[in-house]
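Taken in order, these protein sequences are the chains called R and L.
Take 4 as the starting number for the first sequence in my numbering and just add one per residue.
Take 4 as the starting number for the second sequence in my numbering and just add one per residue.
Just so it is clear, CB atoms sit at the ideal spot from N, CA and C, and this is done for glycine as well.
Remember, predicted model here, so these are calculated numbers, not experimental data.
Please read the structure below before turning to the comments.
There are 2 protein chains.
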Amino acid sequence: MPRDGSITRTSIMDSAQQLILNQGFSATSVDSVIEKTGITKGAFYYHFDTKAELALALVERYAALDHEHLEMNMKQAEELSRDPLQQMLIFAGLLKAEMEGLVEPFPGCLYASYCYEAQLFTEDTHQIIENMMLEWRQRLSAKFSEIMEIYPPKLEVTPESLADMILVIYEGVFIMSKTLKEPAMTAVQLGQYRNYIELMFEKPAA
Amino acid sequence: MPRDGSITRTSIMDSAQQLILNQGFSATSVDSVIEKTGITKGAFYYHFDTKAELALALVERYAALDHEHLEMNMKQAEELSRDPLQQMLIFAGLLKAEMEGLVEPFPGCLYASYCYEAQLFTEDTHQIIENMMLEWRQRLSAKFSEIMEIYPPKLEVTPESLADMILVIYEGVFIMSKTLKEPAMTAVQLGQYRNYIELMFEKPAA
DNA sequence: TTATTTATACCGACTAGTTGGTTTAAATAA
DNA sequence: TTATTTAAACCAACTAGTCGGTATAAATAA
């Protein structure tokens, strides 16, 4: 029986992702990846035919985690209340809580990293990112449609724009907190999403 | 007297900025910049001692425009109303209006681009970006402090977090709209910032 | 006028080093 | 006995940056 190569494969991907989030894909040479991983070039090219294949594998793994992240929290929220608005508020609260007490290393998003080096990647790589963004939109806008059947929004909004806003805030706050070295910002800004939903739909206090 | 070199210098910077927003700084070789500009290597190195100096010059120019963008719109808002809340709502509305009817090329932010290649830049380059983010925070949180002296916020928030949120939304929506190729998102999401402020502070309709 | 000087602006071949990627043969481990 | 990994040599293409030379045009001088 051969030994388990998936350990090496995983640690290559871990090293590469860290490097990519800090210096971009282009500046992340294969040499720097193997040095950080502590392996040789032969081992790298045993697991990945090309550097582009590594890029694809990374975003596939990242998207799979993102999918789980969305579904796990949404399911949990759906179990904790039967009301769609409460579900949505719980969901936002769970995402906020995840980021509470966050310290270094500052979070970063592979989608954003790839976005600003877009021309270096192939269409299939972009497709994975696009699909995940659309999955968030679909899952959450369906929820907002439910909400809007019960609660009239205080201002004119579409379910899609409310759904999109959470990824907008994630991507934006990652950039801000990384630049200003203020990891605490992340939870605070996610909290403002919760605030917005609450103010948009809940009855004013009597 | 020699001919005007500032034209060449400006067009180098324009080409470089476009390339950097699409493929990152690292992948933007000096060769690709001179090819796009239609000049030679000698001309490039006449205007910039190193590639790093170009990076600095670009972010300096970008930050100067950003400063004007903030001040111009804020001043205009301050002229259109005497009430700080109305000023803030007008300000958000002006920013939204700028992005209305936006088509290709999709907007991108140099701060975000540099953020995901952070390790490639020197401290002074980072400082410019950090200072501009803090300038937005300072200018807007002062305004929110004024607002909160008059209007009680419906939920617990800090002036700083409300101030930060607008850059969060800018950075986030640029990534989303670029990836999904939906330039119209930009104005919509800026509109939601306006909504949030309105809901947070305005009296509910009687 | 006309010739010369001067400073800036620009050219393009060149260098020294790095890149992603390949190949080979041997070593290691289950 | 087969999958995994090492170590090292190798390549063509590309990288940032250099340097001697040239073009431009206004200022100066004969």
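Cβ proximity to chain R below 7 Å picks out nothing from the region 90 to 106 of chain L. In the structure shown, R/D17 falls within a helical segment according to DSSP collapsed to helix, strand and coil.
Per DSSP, R/L105 is not a residue of any alpha helix (DSSP H), being assigned neither H nor E. Look at the region 21 to 50 of chain L: the residues with a C-beta under 8 Å from a C-beta of chain R are L24, N25, Q26, G27, F28, S29 and A30. Within the region 54 to 69 of chain L, not one residue has a Cβ closer than 9 Å to any Cβ of chain R. R/Q122 has a beta carbon lying within less than 7 Å of a beta carbon in chain L. Non-local C-beta neighbours of L/L61 in its own chain, meaning closer than 8 Å and more than five positions away in sequence, comprise M16, A19, Q20, I23 and L113, ordered along the chain. A distance below 7 Å between beta-carbons, with the five flanking residues on each side excluded, links L/K99 to the following residues of its chain, in chain order: A190, L193, G194 and R197.
Scanning R/Y65, R/A55, R/M168 and R/E126 for the CA closest to the CA of R/L143 turns up R/M168.
Using a Cβ-Cβ cut-off of 7 Å, L/S144 does not count as an interface residue toward chain R, since no Cβ of chain R sits closer than that to its own. Under the 8 Å Cβ criterion, the region 51 to 69 of chain L does not count as touching the region 136 to 154 of chain R, having fewer than three qualifying pairs. Residue environment analysis places R/D86 among the exposed positions, since fewer than 16 neighbouring C-beta atoms fall within 10 angstroms of its C-beta. For the C-beta of R/M179, the chain L residues within less than 8 Å are, from N- to C-terminus, M136, D167, L170, V171 and E174.
Residue-level contact check: L/S116 touches chain R, since one or more beta carbons of chain R fall below 7 Å from its beta carbon.
Taken in chain order, the complete alpha helix (DSSP H) segments of 4 or more residues contained in the region 44 to 83 of chain R are 44 to 50 and 54 to 83. At least one C-beta of chain R is nearer than 7 Å to the C-beta of L/T182.
Take the alpha-carbon of L/S9 and the one of L/Y65: they are about 17 Å apart.
Non-local beta-carbon contacts of L/L170 in its own chain, meaning distances under 7 Å to residues more than five positions away in sequence, involve M136 and W139 in chain order.
One thing to note: R/G104 has its Cβ no nearer than 7 Å to the Cβ of R/F177.
Listed along the chain, the chain R residues whose CB falls inside 9 Å of the CB of L/S164 are M188, V191, Q192, G194 and Q195.
L/I42 carries a coil assignment under DSSP once its states are collapsed to helix, strand and coil. Look at L/I150: its C-beta is not under 7 Å from any C-beta on chain R. No Cβ of chain L is located within less than 7 Å of the beta carbon of R/I131.
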